[in-house]
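Number of protein chains: 2
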Amino acid sequence: MINSNSYFEGNVLSLGYTTAAGKSTVGVMEPGSYEFGTGSAEVMTVIEGEMEVVLPGETESKMIGKGEFYEVPANSKFQVTVNVQTSYLCQYS
Amino acid sequence: MINSNSYFEGNVLSLGYTTAAGKSTVGVMEPGSYEFGTGSAEVMTVIEGEMEVVLPGETESKMIGKGEFYEVPANSKFQVTVNVQTSYLCQYS
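As given, the protein sequences belong to chains A and B, one line each in that order.
Going by full-length UniProt numbering, the first sequence opens with residue 1, and the numbers climb by one from there.
Going by full-length UniProt numbering, the second sequence opens with residue 1, and the numbers climb by one from there.
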């Protein structure tokens, strides 16, 4: 089954599925600023668009563009700001 | 706005959005065989999983794996078979 998820009043939508390597989602973020919390560790890859990300324990944000990725440890929070509709792949470990 | 789309009784779900380059969707296909029809030309990229594709005017299928893409002309039909949950990016020109 494909799992449809909606966050932040529909401003972030994702589709969850399973691969041989584990669980993943592909999703789209509307422009805005969001705080996410991880359960397991995640690898986030920008498919199209761009994210400004503040990772756990950091104060400086960094820009993650198309094709680039960042890793978020388990059980932590991170902030994401997008200025254009941005699609992403999230791989859970 | 992010557009949620469901095809083939929920076996193919996608999320539509717009970039500077035009319209795109990210989506997930359940295992199965599907025939799609294009309006405008499309570039389909496999994000995770694998697709066996028969392009318009061809009889031989070809396997399109993770990170690979294929192009489909406007106003044409193509067949896709997937054996595992497969995520994709579709860029409309």
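Glycine included, every Cβ here is placed at the ideal spot set by N, Cα and C.
Keep in mind that this is a model prediction, so the values were computed, not measured.
Residues that residue i contacts on chain B, provided the C-beta gap is smaller than 8 Å
i: A:Val84; result: Thr19, Ala20
Residue i - containing beta strand (DSSP E), residue span
i: B:Asn5; result: 3-7
i: A:Glu42; result: 42-48
i: A:Thr86; result: 86-92
i: A:Thr19; result: 12-19
i: B:Thr81; result: 77-82
i: A:Ser24; result: 22-29
i: B:Lys62; result: 62-65
i: B:Gly37; result: 32-37
i: B:Glu71; result: 69-72
Partners in chain A for residue i, counting only beta-carbon separations shorter than 8 Å
i: B:Ser76; result: Within 8 Å Cβ-Cβ: nothing; B:Ser76 doesn't reach chain A, min ~24 Å.
i: B:Ser33; result: Within 8 Å Cβ-Cβ: nothing; B:Ser33 doesn't reach chain A, min ~17 Å.
Proximity test, Cβ basis, 8 Å: residue i and chain B
i: A:Glu48; result: yes
i: A:Ser4; result: yes
Chain B contact residues for residue i, given Cβ-Cβ distances below 9 Å
i: A:Ile64; result: Those do not exist, as A:Ile64 stays about 15 Å from chain B at its closest Cβ, beyond 9 Å.
Chain A contact for residue i (CB, 8 Å cutoff)
i: B:Leu89; result: yes
i: B:Ser93; result: no
CB contact check: residue i to chain C, cutoff 8 Å
i: B:Lys62; result: Protein chains A and B are contained in the structure displayed, whereas chain C is not.
Mind checking the stretch 8-30 of chain B against chain A and listing, in chain order, the residues whose C-beta falls within less than 9 Å of any C-beta there? Gly10, Asn11, Val12, Leu13, Ser14, Leu15, Gly16, Tyr17, Thr18, Thr19, Ala20, Ala21, Ser24, Thr25, Val26, Gly27, Val28, Met29, Glu30
Between the stretch 10-26 of chain A and the stretch 78-85 of chain B, are three or more C-beta pairs nearer than 8 Å? yes
Touching by the beta-carbon criterion (3+ pairs, under 8 Å), the stretch 61-80 of chain A and the stretch 26-38 of chain A: yes
I'd like to know if the stretch 61-75 of chain A and the stretch 9-16 of chain A are in contact, where contact means that at least 3 CB-CB pairs between them fall below 8 Å. no
Decide yes or no for the touch test of the stretch 68-75 of chain A against the stretch 39-58 of chain A: beta carbon pairs closer than 8 Å, at least 3 of them. yes
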